[in-house]
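Structure first, then comments.
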Amino acid sequence: MSSSAIITPTNKAAEEVNTVVMSKLLQGDSKTYRSSDTLHENENEFPVELINDRNPSGFPPHILVLKKHYSIMLLRNLDPSEGHCNGTRYIALNLHNHLTEVEVANGTHAGIRIMIPRIPLTTTKEYPFSFSRKQFPVKPAFGMTSNKSQGQTLEKAGIYKPTPVFSHSQFYVANSRVGFENNVHVLALASEYKGIKGICSDNVVYNEIL
Numbered sequence: 414m415s416s417s418a419i420i421t422p423t424n425k426a427a428e429e430v431n432t433v434v435m436s437k438l439l440q441g442d443s444k445t446y447r448s449s450d451t452l453h454e455n456e457n458e459f460p461v462e463l464i465n466d467r468n469p470s471g472f473p474p475h476i477l478v479l480k481k482h483y484s485i486m487l488l489r490n491l492d493p494s495e496g497h498c499n500g501t502r503y504i505a506l507n508l509h510n511h512l513t514e515v516e517v518a519n520g521t522h523a524g525i526r527i528m529i530p531r532i533p534l535t536t537t538k539e540y541p542f543s544f545s546r547k548q549f550p551v552k553p554a555f556g557m558t559s560n561k562s563q564g565q566t567l568e569k570a571g572i573y574k575p576t577p578v579f580s581h582s583q584f585y586v587a588n589s590r591v592g593f594e595n596n597v598h599v600l601a602l603a604s605e606y607k608g609i610k611g612i613c614s615d616n617v618v619y620n621e622i623l
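414 is the number of the first residue of the sequence shown in my numbering; add one for each residue after it.
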């Protein structure tokens with residue numbers, strides 16, 4: 414699992430992939446972590462449930478479900494000089510209440526183990542209110558978006574397209590994560606060729622930026 418992934422255009426599809434793989438294909442018990450969310454001002458104007466439901470870009474979810482031996486991705490720079498930066502993939506080894514023990518999955522730092530704590534993250538201007546979320550800065554990453562797959566080197570990849578790609582070279586980025594074409598498999602539900610679905614895909618290119 415450390416050298417494989419399913420790449421998809423949207424965060425929603427990536428979450429669906431992770432839910433299915435974690436619940437049905439990987440043995441063992443999962444562990445659920447709930448964040449501590451704090452509104453910075455006007456505390457009484459917004460119920461805490463509303464804050465819990467928000468998921469700003471780069472934030473872990475309020476309810477984070479992890480599983481031993483599952484692939485996860487770091488969402489913040491912890492120690493860039495040692496390779497622990499936004500986008501680094503790990504394998505979860507031990508799941509404690511206040512720490513997660515993980516191992517770098519690939520790259521020059523593969524095999525290095527660290528402990529990741531819960532850290533506070535604060536919103537900027539994405540919402541009309543500001544709040545902090547204290548949570549592990551990670552998310553499940555066997556399923557990931559094309560954007561998050563940039564910079565990743567994989568041995569095998571599945572490309573799952575329930576919807577068309579929508580940005581320049583997004584399909585190319587997904588395909589180029591693997592060095593051998595036989596190790597890439599595509600399921601394109603949103604496209605069809607001669608009436609047959611799942612066998613072709615558009616590669617969106619903006620000629621004006623080439």
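We treat Cβ as the ideally placed atom computed from N, Cα and C, and that holds for glycine.
Select from the options the residue whose C-alpha is nearest the C-alpha of residue i.
i: ALA518; options: LEU512, HIS511, GLN548 and LEU506; result: LEU506
i: PRO541; options: VAL591, ALA523 and PHE459; result: PHE459
i: PHE555; options: ASN424, ASN431 and THR423; result: ASN431
i: SER589; options: PHE549, GLY564 and ASN465; result: GLY564
i: LEU479; options: VAL515, THR445, PRO533 and GLY608; result: THR445
i: SER436; options: ILE464, ARG447, HIS482 and SER449; result: HIS482
i: VAL515; options: PRO553, PRO533 and ARG467; result: PRO553
i: SER449; options: SER494, VAL433 and PRO473; result: PRO473
i: ARG447; options: ASN560, SER562 and ILE464; result: ILE464
Mind checking which residues open and close the alpha helix (DSSP H) that includes residue i?
i: SER562; result: 559-562
i: PHE492; result: The amino acid at residue 492 is misidentified as Phe; the sequence shows Asp. Run containing ASP492: none; DSSP gives neither H nor E here.
i: ASP466; result: 461-466
i: GLU594; result: Where GLU594 is concerned, there is no enclosing alpha helix (DSSP H), given that its DSSP letter is neither H nor E.
i: GLU454; result: GLU454 -> no alpha helix (DSSP H), and no H or E assigned at all.
When the distance is taken between beta carbons, is residue j closer than 8 Å to residue i?
i: PHE654; j: HIS453; result: Only positions 414 to 623 of the chain appear in this structure, which leaves residue 654 out of reach.
i: SER443; j: LEU567; result: no
i: ALA427; j: ALA570; result: no
i: ARG502; j: MET528; result: no
i: LEU488; j: VAL551; result: yes
i: LEU477; j: GLN548; result: yes
Whose C-beta lies closer than 8 Å to the C-beta of residue i among residues of the same chain, with five residues either side of it excluded?
i: GLY496; result: VAL517, GLY520, THR521, HIS522 and ILE525
i: PRO533; result: SER545, ARG546 and LYS547
Which same chain residues, not among the five before or five after residue i, have their C-beta less than 7 Å away from its C-beta?
i: ASN469; result: At residue 469 the sequence reads Pro, which differs from the Asn that was named. Cβ neighbours of PRO469 beyond the five flanking positions: THR536 and GLU539.
i: PRO530; result: HIS511 and LEU512
When burial is assigned at 16 or more other CB atoms within 10 Å of the CB, is residue i buried or exposed?
i: VAL461; result: exposed
i: LEU602; result: exposed
i: LYS425; result: exposed
Are the C-beta atoms of residue i and some chain D residue less than 8 Å apart?
i: VAL599; result: This model lacks chain D altogether; it includes just one protein chain.
Sorted by chain position, which residues of the same chain lie with C-beta nearer than 6 Å to residue i's C-beta, five sequence neighbours on each side aside?
i: ILE572; result: ILE420, ALA587 and VAL599
Between which two residues does the beta strand (DSSP E) harbouring residue i extend?
i: THR513; result: 512-517
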